[in-house]
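Protein chains in written order, with UniProt numbering: chain G, 1 to 386; chain Y, 1 to 386.
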């Protein structure tokens with residue numbers, strides 16, 4: 001179950017002929033209310049795709065009736081014509097739903113720099129409107145239509161004992177970096193919450209989930225995470241419980257993205273403790289997660305802690321070279337900055353690798369999820385224009 | 001001709017049994033004077049190898065009689081024992097040359113985290129001392145002994161019409177990043193110059209040469225560039241001419257490193273103009289140079305300017321998305337942030353790729369040299385522990 005798990009939501013996914021090849025490529029998510037509160041988090045890239053520029057305006061109202069998403073074309077670097085296409089897409093959905101265009105967000109993902117075929121999109125919106133459903137299959141259809149190099153649809157849902165539900169889907173399998181990715185995420189809830197409450201739950205959740213997933217250090221022009229609340233359950237949730245549910249859901253979706261990242265053979269967790277503060281812990285973990293020499297060593301199942309120590313050293317965080325401990329899959333390999341134990345004791349043959357780095361300076365801790373740098377990554381990103 | 005091109009220098013390269021497999025792995029460069037002025041630039045990595053910690057102390061005196069270099073082991077993350085090995089190495093050379101240990105710098109490159117076999121190194125220093133020569137073959141022997149994954153020795157030399165000469169060698173083929181690389185460079189001159197004059201020539205030269213070479217964003221624990229002056233020509237050079245010669249030599253060596261980088265199939269130059277200032281230009285060029293999606297696209301000979309625009313956008317520099325122009329191999333593909341011209345007109349089949357990015361904001365300009373991200377890079381760095 002995904003975005004249709006909560007009451008008050010319908011979804012669909014259809015073939016609009018935007019992407020190369022067959023397959024669905026346009027999704028619609030509709031909030032049937034009675035409430036239409038919403039919050040959003042967008043890419044920090046200075047080059048923002050047209051749908052991001054449009055949807056940022058929409059979300060400024062704190063109200064959202066529907067979301068149109070497409071795969072196959074990012075509608076980025078497309079100038080005024082691209083913005084008009086995003087606007088026309090929202091107008092088309094609004095006309096069908098009997099609301100204003102300013103109540104419809106638009107998300108795109110795919111190739112940067114070519115115009116989105118407007119007529120295909122508008123026809124696709126009409127087809128998606130006709131195909132709307134409130135069951136699990138409808139949610140899955142929407143989650144499937146936004147896939148690019150993803151190999152599986154990514155959904156999650158949770159029903160709280162207090163009587164409200166939350167569910168959503170995400171896409172993204174590469175170009176995933178600080179402040180999200182080529183990722184589009186739509187999360188729905190039937191809890192009774194206003195826009196500021198949704199925003200207060202969503203921002204910290206994104207910060208410790210999607211923002212801590214760093215596949216290749218590349219930040220997209222299109223990243224969007226939306227949270228919509230219908231209020232259809234009639235239940236006002238406990239703020240803390242709701243925040244925890246949003247965070248858990250985002251972390252679940254982020255782990256699914258990590259597992260499906262382009263060319264991945266290892267799911268790597270970089271866990272940093274003992275940093276001066278949390279920011280420093282994130283900086284160290286992210287630097288190690290992005291280091292090409294670390295990523296290729298782990299692809300080769302080589303517990304090369306020296307490359308990890310070198311990456312810790314060139315991070316912008318405060319570190320004491322004589323206090324660095326590095327543990328890989330439970331085996332302490334570097335203690336106080338020098339070799340400890342037997343490298344061959346660290347078994348990296350499995351798909352999961354846990355790198356623990358203790359800095360011995362303070363209480364700052366953070367975890368970054370990443371993957372190895374494999375032949376598959378090179379193949380996928382050199383053979384395929386995206 | 002290389003480090004032995006100027007008068008007053010001898011060099012050698014011998015087999016010391018440090019690296020796995022056969023081949024020379026220890027080099028010695030001696031300045032026979034009459035002067036012994038020197039300057040050095042070292043890695044900014046907070047995790048510094050023992051030879052860097054030692055040599056930084058040596059260079060603080062502004063005087064250098066000799067340099068011992070080894071390949072096969074970085075002597076990094078080796079604690080007090082590693083530092084004692086670096087010190088003992090300098091003492092051994094000093095004893096043979098009749099000078100103080102504080103006049104001998106030590107450089108190492110290779111695997112991080114294992115102790116350098118001290119006896120092999122000390123025996124190697126004795127053998128290298130016995131093998132010293134002042135001809136081109138001796139310089140080449142030294143340049144060859146420091147190679148790791150390098151496939152060719154890298155040398156350059158220049159004789160000035162004013163009567164002084166300069167020459168040097170470098171090694172480094174990966175882990176090359178901001179503030180240099182796993183690179184060791186020794187440059188010699190017979191000009192009459194004191195340590196502050198050498199320092200004043202070397203720092204700006206490194207800043208626009210080795211610091212502008214960014215293969216994989218990884219900064220080494222061992223990077224060292226040394227400049228030694230014997231004064232043997234008896235000529236005091238024009239400061240500007242000498243500075244230009246050092247810069248040209250460093251740029252020549254940096255281009256040789258780019259051409260020999262691990263797994264390289266494309267030599268890529270990222271040229272940024274129109275930035276608010278030079279720092280911003282470097283930031284943009286470096287961000288694009290490091291972007292895995294850009295590097296894999298160029299490996300695939302795909303002029304994917306959209307990925308370049310996205311990387312420009314997430315750099316920390318000031319950019320206006322509506323003013324970005326991107327030209328690849330002379331073909332304008334993006335103008336004012338949107339598609340311009342025909343992608344297929346940009347021919348990327350050759351080994352050289354020039355990416356020109358114009359930001360339209362100011363006069364800041366900079367160039368970064370990099371390479372593509374290929375199967376060869378992944379293969380070399382996953383199959384080989386370094």
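Glycine is no exception: its CB is placed at the ideal position from the N, C-alpha and C atoms.
The structure displayed is predicted, hence computed values, not measured ones.
Neighbour list for residue i in chain Y, Cβ cutoff strictly below 7 angstroms
{"i": "residue 313(G)", "result": "45, 46, 47 and 221"}
{"i": "residue 283(G)", "result": "Going along chain Y, no residue has its Cβ under 7 angstroms from residue 283(G), so there is no contact; the nearest lies around 12 angstroms."}
{"i": "residue 374(G)", "result": "378"}
Rounded straight-line distance, which links the Cα of residue j to that of residue i
{"i": "residue 108(Y)", "j": "residue 288(Y)", "result": "31 angstroms"}
{"i": "residue 148(Y)", "j": "residue 223(Y)", "result": "14 angstroms"}
{"i": "residue 249(G)", "j": "residue 358(G)", "result": "28 angstroms"}
{"i": "residue 75(Y)", "j": "residue 69(Y)", "result": "11 angstroms"}
{"i": "residue 159(Y)", "j": "residue 41(Y)", "result": "23 angstroms"}
{"i": "residue 118(Y)", "j": "residue 89(Y)", "result": "8 angstroms"}
{"i": "residue 286(Y)", "j": "residue 235(G)", "result": "51 angstroms"}
{"i": "residue 51(Y)", "j": "residue 209(Y)", "result": "23 angstroms"}
{"i": "residue 143(Y)", "j": "residue 253(G)", "result": "52 angstroms"}
{"i": "residue 122(Y)", "j": "residue 21(Y)", "result": "19 angstroms"}
{"i": "residue 230(G)", "j": "residue 283(Y)", "result": "44 angstroms"}
{"i": "residue 269(Y)", "j": "residue 331(G)", "result": "42 angstroms"}
{"i": "residue 244(Y)", "j": "residue 14(Y)", "result": "33 angstroms"}
{"i": "residue 10(G)", "j": "residue 64(G)", "result": "14 angstroms"}
{"i": "residue 319(G)", "j": "residue 354(Y)", "result": "38 angstroms"}
{"i": "residue 152(Y)", "j": "residue 171(Y)", "result": "9 angstroms"}
{"i": "residue 81(G)", "j": "residue 278(G)", "result": "43 angstroms"}
{"i": "residue 105(G)", "j": "residue 228(G)", "result": "11 angstroms"}
{"i": "residue 49(Y)", "j": "residue 225(Y)", "result": "14 angstroms"}
Residue environment, residue i, which counts as buried when at least 16 other CB atoms sit within 10 Å
{"i": "residue 46(Y)", "result": "buried"}
{"i": "residue 8(G)", "result": "buried"}
{"i": "residue 233(G)", "result": "buried"}
{"i": "residue 178(G)", "result": "A caution first: residue 178(G) carries a pLDDT of 37, below 50, which makes its placement in the model too unreliable to give a value."}
{"i": "residue 256(G)", "result": "buried"}
{"i": "residue 114(Y)", "result": "buried"}
{"i": "residue 214(G)", "result": "buried"}
{"i": "residue 186(Y)", "result": "buried"}
{"i": "residue 294(G)", "result": "buried"}
{"i": "residue 260(G)", "result": "buried"}
{"i": "residue 204(Y)", "result": "exposed"}
{"i": "residue 25(G)", "result": "buried"}
{"i": "residue 258(Y)", "result": "buried"}
{"i": "residue 211(Y)", "result": "buried"}
{"i": "residue 2(G)", "result": "buried"}
{"i": "residue 98(G)", "result": "exposed"}
{"i": "residue 220(Y)", "result": "buried"}
{"i": "residue 344(G)", "result": "exposed"}
Where residue i falls: helix, strand or coil (DSSP)
{"i": "residue 102(Y)", "result": "helix"}
{"i": "residue 144(G)", "result": "helix"}
{"i": "residue 374(Y)", "result": "coil"}
{"i": "residue 172(Y)", "result": "coil"}
{"i": "residue 16(G)", "result": "coil"}
{"i": "residue 388(Y)", "result": "In this structure chain Y extends from 1 to 386, so residue 388(Y) is not present and cannot be described."}
{"i": "residue 28(G)", "result": "strand"}
{"i": "residue 10(Y)", "result": "strand"}
{"i": "residue 215(G)", "result": "coil"}
{"i": "residue 186(Y)", "result": "strand"}
{"i": "residue 129(G)", "result": "helix"}
{"i": "residue 227(G)", "result": "strand"}
{"i": "residue 33(G)", "result": "coil"}
{"i": "residue 243(G)", "result": "helix"}
{"i": "residue 369(Y)", "result": "strand"}
{"i": "residue 309(Y)", "result": "helix"}
Closer than 8 angstroms at the beta carbon, the chain Y residues around residue i
{"i": "residue 310(G)", "result": "45, 47, 76, 112, 175, 218, 219, 220 and 221"}
{"i": "residue 319(G)", "result": "46 and 47"}
{"i": "residue 109(G)", "result": "Residues of chain Y passing the Cβ test: none, with the nearest at roughly 12 angstroms."}
Interface residues of chain Y facing residue i [CB-CB closer than 9 angstroms]
{"i": "residue 334(G)", "result": "77 and 113"}
{"i": "residue 339(G)", "result": "77, 78, 79, 113, 114 and 115"}
{"i": "residue 305(G)", "result": "77, 112 and 113"}
**Request:** Jot down the residue ranges of each uninterrupted beta strand (DSSP E) in the region 41 to 111 of chain G, minimum 3 residues, whole runs only, in chain order.
**Result:** Whole beta strand (DSSP E) segments, 3+ residues: 66 to 73 and 104 to 111.
**Request:** Any chance you could list the beta strand (DSSP E) runs of at least 3 consecutive residues sitting entirely within the region 329 to 367 of chain G, in chain order?
**Result:** Within the region 329 to 367 of chain G, the runs of beta strand (DSSP E) that reach at least 3 residues and sit entirely inside it are, in chain order, 331 to 335 and 352 to 358.
**Request:** Run through the region 246 to 306 of chain Y for me and flag every whole beta strand (DSSP E) of 3 or more residues, listed as ranges in chain order.
**Result:** Runs of the beta strand (DSSP E) inside the region 246 to 306 of chain Y: 267 to 275.
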